[in-house]
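So the protein lines, in turn, are chains S and E. Start counting the first sequence at 1; every next residue gets the next number (this note's numbering). Start counting the second sequence at 167; every next residue gets the next number (this note's numbering).
2 protein chains.
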Amino acid sequence: MNNQDAKIEFIHTWGILGSQWGINRSMAQIHALLLMTKNAMSTEEIMGELQLSRGNANMNIRDLMNWNLIYKQIKAGDRKEYFIAEHDIWTIATRVVSERKRRELIPAIELLDRIKKDELGGEKDAESAHIKDMVNNLGDFLNKMDKLTEFMLKAEQSLLFKLIVK
Amino acid sequence: MNNQDAKIEFIHTWGILGSQWGINRSMAQIHALLLMTKNAMSTEEIMGELQLSRGNANMNIRDLMNWNLIYKQIKAGDRKEYFIAEHDIWTIATRVVSERKRRELIPAIELLDRIKKDELGGEKDAESAHIKDMVNNLGDFLNKMDKLTEFMLKAEQSLLFKLIVK
DNA sequence: ATAAACTTTCAATTTTATTTGAAAGTTCGA
DNA sequence: TCGAACTTTCAAATAAAATTGAAAGTTTAT
C-alpha cells in the first residue's frame with residue numbers, strides 16, 4: 001500500500017466513522033482530505049476530489065471553519081480562497097472537546113439549572129423526592145464534567161497524559 | 167413549578183438534546199422517563215406516557231439495555247416485564263463513556279492500525295511524508311485517548327474529581 | 001459602472017433514519 | 001396441547017437530514 005492508497009482509505013473510512021458519530025459524511029471527508037493534504041486546497045479542488053456539489057462543499061467548509069478545524073488561506077495574486085487543516089493533533093483535540101462541550105454539555109447544564117431555578121416543589125412523597133434528587137445529582141455531575149473539560153482545555157498535552165496515563 | 171412539571175420538562179428537553187447529539191429522541195425520552203421514575207415501568211406504561219408505538223418502545227428499550235442504562239425487572243405473579251433505570255449518576259457516566267469508547271474510539275483506532283499495518287510506503291516526497299506523519303500522530307493520539315478513557319472507567323468518581331478538579 | 005471571478009443561499013430533490021402497527025414468535029398456566 | 005398474555009420482528013410509511021445546482025450575492029480589477 002503506498003501512501004496515496006492510505007490517504008484514500010483514510011478519507012473513505014473517516015467519512016463512514018464520522019456519520020456513525022453524528023458528523024455528516026461530507027464534513028468528515030473534507031476534514032480527512034485536508035488533514036492528509038499538506039498544502040491548502042481550493043473549493044474546486046475539494047469538490048473534484050470528493051465529488052461534492054458546490055453548495056455542499058461550501059457549507060461544510062464553513063462548518064469546519066466554525067469548529068476551528070480548518071483555516072482560510074489567501075494566495076497572493078489569486079482571488080480564490082484556499083483551505084488548510086489544523087495539523088497539530090493536540091490542537092485538533094482541544095477544538096473538538098470545546099465544540100462538544102458547547103453542543104452537548106452546556107445545553108444540558110442549562111436545562112437542569114432552569115429546572116432548579118424554577119423551584120422544585122417540596123412535596124414529600126417518594127416520587128417527588130426522587131425527582132428532586134435526580135435533578136440535583138445530575139446537575140452537580142454535569143457541572144463537574146464541565147470543570148473536567150475546562151481542565152483538559154487548559155492542560156498541556158504532555159501534562160495531561162503524564163498525569164493520567166503512566 | 168411542582169416536581170411533576172419538572173419531570174415533564176426534563177423528559178421533553180432531554181429528548182431534544184439527545185437528538186442533538188446523535189441519540190434518537192425516543193431513546194432519550196424513554197431514558198429520561200425512567201431516570202425520573204423511582205419504580206420500574208412496563209412497556210405499556212412507557213408507550214402510554216410517551217405516546218410511542220409498541221415497536222418503537224420495544225426497540226429503544228432493548229437499545230437502552232444494551233447500553234446498560236436500564237434493567238429488566240420481574241414482578242412476582244406478573245408476566246409483564248418491567249424496566250428500571252440505573253439511577254446512580256457515576257455508574258451512568260461510566261456506561262456512557264464505555265459505550266462511546268466502543269462506538270467512536272475503537273473503530274478509529276482499528277482504521278489507523280489497519281493503515282499502518284498495510285505498510286505505509288517509504289516515499290520521500292513531502293506529500294507522502296506528511297501522510298505518514300499524520301497517520302502515525304493520529305494513531306498515537308487515539309491510543310492515548312483510549313488509555314485515558316480506561317483510566318476514567320477504572321477511577322473512583324471522587325478520586326477522579328479530586329485529582330482533576332480543585 | 002461594468003463584468004468577470006468567485007462565494008453564498010435556498011427551494012427542490014434525494015438519501016437516510018425513525019416510527020408504525022400488524023403479523024409472527026415466544027412463554028406459560030391449565 | 002391449547003390459547004391467552006406477552007415480546008419481537010420487519011416491511012411500509014413518515015419524518016428528518018443531507019445534497020444538489022441554479023440563481024442571487026459579493027468582491028475586485030479595469
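C-beta atoms are modelled at their ideal positions from N, C-alpha and C, and glycine is treated no differently.
Use the C-beta contact count for residue i: other C-beta atoms within 10 angstroms, 16 or more gives buried, fewer gives exposed.
i                      : result
residue 167 of chain S : Nothing in the structure corresponds to residue 167 of chain S, since chain S is present only between 1 and 166.
residue 319 of chain E : exposed
residue 65 of chain S  : exposed
residue 221 of chain E : exposed
residue 91 of chain S  : exposed
residue 294 of chain E : buried
residue 145 of chain E : Residue numbering for chain E in the displayed model covers 167 to 332; residue 145 of chain E lies beyond these limits and cannot be assessed.
residue 325 of chain E : exposed
Sort the options by Cα distance to residue i and report the nearest one.
i                      : options                    : result
residue 272 of chain E : S:7, S:5, S:2, S:14        : S:14
residue 6 of chain S   : E:170, E:240, E:296, E:177 : E:296
residue 328 of chain E : S:81, S:162, S:39, S:145   : S:145
residue 2 of chain S   : E:214, E:314, E:288, E:325 : E:288
residue 275 of chain E : S:115, S:4, S:17           : S:17
residue 216 of chain E : E:193, E:233, E:279        : E:193
residue 102 of chain S : E:186, E:280, E:177        : E:186
residue 8 of chain S   : E:321, E:286, E:315        : E:286
residue 149 of chain S : E:323, E:330, E:281        : E:330
Put residue i into one of helix, strand or coil per three-state DSSP.
i                      : result
residue 150 of chain S : helix
residue 23 of chain S  : coil
residue 285 of chain E : coil
residue 81 of chain S  : strand
residue 238 of chain E : strand
residue 53 of chain S  : coil
residue 47 of chain S  : helix
residue 202 of chain E : coil
residue 65 of chain S  : helix
residue 207 of chain E : strand
What does a CB cutoff of less than 6 Å around residue i pick up in its chain, not counting 5 residues either side in sequence?
i                      : result
residue 242 of chain E : none
residue 236 of chain E : 200, 230, 249, 251
residue 37 of chain S  : none
residue 142 of chain S : 108, 109
residue 234 of chain E : 261
Please go through the same chain and pick out, in chain order, the residues whose beta-carbon is closer than 8 Å to the beta-carbon of residue i, but skip the five residues on each side of it.
i                      : result
residue 74 of chain S  : 81, 82
residue 213 of chain E : 219, 220, 223
residue 190 of chain E : 184, 226
Just to confirm my understanding: we take residue i, look at its own chain, exclude 5 residues before and 5 after, and list those with CB closer than 7 Å. What are they?
i                      : result
residue 94 of chain S  : 153
residue 117 of chain S : none
Stretch pair the stretch 132–152 of chain S + the stretch 253–265 of chain E: three plus CB contacts closer than 8 Å: yes
Using a Cβ distance threshold of 8 Å, determine whether the stretch 25–38 of chain S contacts the stretch 57–69 of chain S, with at least three qualifying pairs required. yes
Is the stretch 34–43 of chain S close to the stretch 73–83 of chain S, with three or more CB pairs under 8 Å? Taking one beta carbon from each stretch, the stretch 34–43 of chain S and the stretch 73–83 of chain S have 3 or more pairs nearer than 8 Å; the two touch.
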